[in-house]
Amino acid sequence: MLPKEVGESLSYITYGLYIVTSVDGEKKNGLIVNTVFQVTAEPARVAISVNKNSLTHEYISKSGKFAAMPLAQNTTLPFIGIFGFRTGRNFDKFANVPYKMGPSGCPIVLKDTLSYMEVKVFNTVDMGTHTLFIGDVTDADILCCEHGVPLTYEYYHTVIKGKTPKGATHR
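Next comes the structure, spelled out in C-alpha coordinates:
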(Lines of atoms letter the chains of each structure in order from A; the text may use other names.)
(Lines give C-alpha, C1' and ligand atoms only; values in the text may rest on other atoms or scores of the structure.)
Protein backbone atom coordinates (compact mmCIF):
# COMPACT_ATOMS: atom_id res chain seq x y z
CA MET A 4 0.00 0.00 0.00
CA LEU A 5 1.32 3.40 -0.93
CA PRO A 6 1.62 6.20 1.60
CA LYS A 7 -1.32 8.63 1.69
CA GLU A 8 0.90 11.39 0.26
CA VAL A 9 1.45 9.43 -2.97
CA GLY A 10 -2.28 9.16 -3.67
CA GLU A 11 -2.80 12.81 -2.77
CA SER A 12 0.07 13.85 -5.04
CA LEU A 13 -1.33 11.82 -7.94
CA SER A 14 -4.69 13.57 -7.54
CA TYR A 15 -3.10 16.78 -8.87
CA ILE A 16 -2.29 15.27 -12.26
CA THR A 17 -4.79 16.61 -14.76
CA TYR A 18 -6.89 14.26 -16.87
CA GLY A 19 -9.73 14.37 -19.32
CA LEU A 20 -12.54 11.84 -19.59
CA TYR A 21 -12.90 9.87 -22.80
CA ILE A 22 -15.04 7.15 -24.29
CA VAL A 23 -12.88 4.45 -25.86
CA THR A 24 -14.53 1.90 -28.15
CA SER A 25 -13.43 -1.20 -30.02
CA VAL A 26 -14.86 -4.22 -31.80
CA ASP A 27 -14.55 -7.97 -31.94
CA GLY A 28 -16.08 -8.93 -35.26
CA GLU A 29 -19.68 -7.69 -35.11
CA LYS A 30 -19.57 -7.13 -31.34
CA LYS A 31 -18.83 -3.63 -30.09
CA ASN A 32 -18.08 -2.20 -26.68
CA GLY A 33 -16.81 0.94 -25.02
CA LEU A 34 -15.73 2.30 -21.68
CA ILE A 35 -14.69 5.51 -19.96
CA VAL A 36 -10.97 6.14 -19.46
CA ASN A 37 -9.05 9.10 -18.10
CA THR A 38 -5.77 8.31 -19.80
CA VAL A 39 -5.55 9.27 -23.47
CA PHE A 40 -2.53 11.26 -24.54
CA GLN A 41 -0.71 12.36 -27.66
CA VAL A 42 2.67 10.70 -28.04
CA THR A 43 3.88 12.33 -31.28
CA ALA A 44 2.54 14.81 -33.83
CA GLU A 45 4.36 13.49 -36.93
CA PRO A 46 3.17 10.80 -37.29
CA ALA A 47 0.05 11.40 -35.20
CA ARG A 48 0.25 8.86 -32.38
CA VAL A 49 -1.70 8.45 -29.16
CA ALA A 50 -1.69 6.10 -26.21
CA ILE A 51 -4.42 4.93 -23.85
CA SER A 52 -4.38 3.00 -20.59
CA VAL A 53 -7.09 0.33 -20.20
CA ASN A 54 -7.81 -2.04 -17.32
CA LYS A 55 -7.06 -5.64 -18.31
CA ASN A 56 -10.34 -6.88 -16.79
CA SER A 57 -12.51 -4.83 -19.16
CA LEU A 58 -14.27 -6.22 -22.20
CA THR A 59 -13.00 -3.30 -24.27
CA HIS A 60 -9.42 -4.32 -23.38
CA GLU A 61 -10.19 -7.76 -24.78
CA TYR A 62 -11.60 -6.26 -27.98
CA ILE A 63 -8.64 -3.89 -28.50
CA SER A 64 -6.22 -6.76 -27.90
CA LYS A 65 -7.99 -8.92 -30.51
CA SER A 66 -8.72 -6.28 -33.16
CA GLY A 67 -5.67 -4.06 -32.78
CA LYS A 68 -7.78 -0.91 -33.08
CA PHE A 69 -9.80 1.53 -31.03
CA ALA A 70 -11.53 4.89 -31.20
CA ALA A 71 -11.14 7.59 -28.54
CA MET A 72 -13.56 10.47 -28.02
CA PRO A 73 -13.19 13.30 -25.47
CA LEU A 74 -16.40 13.93 -23.57
CA ALA A 75 -17.96 17.39 -23.44
CA GLN A 76 -18.04 19.19 -20.09
CA ASN A 77 -21.86 19.24 -20.08
CA THR A 78 -22.10 15.43 -20.27
CA THR A 79 -24.55 14.11 -17.67
CA LEU A 80 -23.71 11.53 -15.03
CA PRO A 81 -26.36 9.08 -16.32
CA PHE A 82 -24.73 9.13 -19.78
CA ILE A 83 -21.26 8.67 -18.28
CA GLY A 84 -22.68 5.74 -16.33
CA ILE A 85 -23.59 3.87 -19.51
CA PHE A 86 -19.93 3.55 -20.42
CA GLY A 87 -18.34 3.97 -17.00
CA PHE A 88 -20.24 1.90 -14.48
CA ARG A 89 -21.55 -1.12 -16.41
CA THR A 90 -19.90 -4.00 -18.17
CA GLY A 91 -20.57 -4.78 -21.80
CA ARG A 92 -20.47 -8.48 -20.89
CA ASN A 93 -24.16 -8.31 -19.92
CA PHE A 94 -25.34 -4.88 -21.11
CA ASP A 95 -25.51 -3.41 -24.62
CA LYS A 96 -23.94 0.02 -24.14
CA PHE A 97 -24.95 1.08 -27.66
CA ALA A 98 -28.65 0.12 -27.45
CA ASN A 99 -29.81 3.70 -26.80
CA VAL A 100 -26.72 5.71 -27.73
CA PRO A 101 -26.37 7.43 -31.11
CA TYR A 102 -23.23 6.31 -32.94
CA LYS A 103 -21.79 5.68 -36.37
CA MET A 104 -19.20 3.18 -37.45
CA GLY A 105 -15.85 4.76 -38.27
CA PRO A 106 -13.75 3.83 -41.31
CA SER A 107 -11.81 1.23 -39.30
CA GLY A 108 -15.02 -0.32 -37.97
CA CYS A 109 -14.96 1.12 -34.44
CA PRO A 110 -18.11 2.77 -33.09
CA ILE A 111 -17.97 6.56 -32.91
CA VAL A 112 -20.27 7.87 -30.17
CA LEU A 113 -22.14 10.95 -31.41
CA LYS A 114 -23.72 12.12 -28.14
CA ASP A 115 -21.70 14.35 -25.78
CA THR A 116 -18.39 13.81 -27.62
CA LEU A 117 -16.31 16.61 -29.08
CA SER A 118 -14.17 14.72 -31.59
CA TYR A 119 -12.88 11.27 -32.36
CA MET A 120 -9.66 9.56 -33.30
CA GLU A 121 -9.49 6.07 -34.73
CA VAL A 122 -6.24 4.35 -33.91
CA LYS A 123 -4.36 1.29 -35.17
CA VAL A 124 -2.33 -0.24 -32.33
CA PHE A 125 1.33 -0.86 -33.10
CA ASN A 126 2.69 -1.42 -29.60
CA THR A 127 1.53 -2.37 -26.12
CA VAL A 128 3.14 -2.02 -22.72
CA ASP A 129 2.09 -4.26 -19.82
CA MET A 130 1.50 -2.03 -16.80
CA GLY A 131 0.37 -4.75 -14.39
CA THR A 132 -3.37 -4.11 -13.93
CA HIS A 133 -3.57 -2.08 -17.17
CA THR A 134 -2.20 -2.16 -20.69
CA LEU A 135 -0.86 0.89 -22.44
CA PHE A 136 -2.01 0.69 -26.07
CA ILE A 137 0.05 2.91 -28.40
CA GLY A 138 -1.04 3.50 -31.97
CA ASP A 139 -1.20 5.57 -35.12
CA VAL A 140 -4.21 7.83 -35.68
CA THR A 141 -5.82 6.58 -38.92
CA ASP A 142 -8.85 8.88 -38.96
CA ALA A 143 -10.12 11.82 -36.90
CA ASP A 144 -12.73 14.55 -37.02
CA ILE A 145 -14.58 17.16 -34.96
CA LEU A 146 -18.03 15.95 -33.88
CA CYS A 147 -19.62 18.61 -31.73
CA CYS A 148 -18.23 22.01 -32.24
CA GLU A 149 -14.86 23.58 -32.74
CA HIS A 150 -14.94 25.34 -29.38
CA GLY A 151 -16.45 22.69 -27.15
CA VAL A 152 -15.13 22.39 -23.61
CA PRO A 153 -13.66 18.99 -22.71
CA LEU A 154 -14.76 17.28 -19.50
CA THR A 155 -11.89 17.04 -17.02
CA TYR A 156 -11.59 14.53 -14.22
CA GLU A 157 -11.53 17.41 -11.73
CA TYR A 158 -14.83 18.85 -13.07
CA TYR A 159 -16.33 15.34 -13.00
CA HIS A 160 -15.48 15.00 -9.30
CA THR A 161 -16.13 18.53 -8.03
CA VAL A 162 -19.10 19.70 -10.13
CA ILE A 163 -20.82 16.57 -11.45
CA LYS A 164 -19.99 14.76 -8.17
CA GLY A 165 -19.05 11.57 -9.99
CA LYS A 166 -17.31 8.65 -8.34
CA THR A 167 -14.33 6.61 -9.52
CA PRO A 168 -15.12 2.96 -10.24
CA LYS A 169 -12.87 0.18 -8.97
CA GLY A 170 -10.11 -0.53 -11.48
CA ALA A 171 -9.70 3.08 -12.64
CA THR A 172 -6.17 4.45 -12.96
CA HIS A 173 -6.63 7.44 -10.66
CA ARG A 174 -7.84 8.09 -7.11
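Residues are numbered in my numbering as their position in the sequence shown, beginning at 1, plus a constant of 3. Ideal Cβ positions, reconstructed from N, Cα and C, are used throughout, including at glycine.
Per DSSP, V9 is one residue of the alpha helix (DSSP H) stretching across K7 to L13. Burial state of L13 is exposed, judged by a 10 Å Cβ sphere holding fewer than 16 other Cβ atoms.
For K31, the enclosing beta strand (DSSP E) stretches over residues K30 to V36. Here the C-alpha atom of T79 lies approximately 28 Å from the C-alpha atom of S107. In this structure, V49 places its C-beta atom within 8 Å of the C-beta atom of G138. Bridge pairing for F69: V122 [DSSP]. With contacts defined as CB atoms closer than 8 Å, L74 and I145 fail to qualify as a contacting pair.
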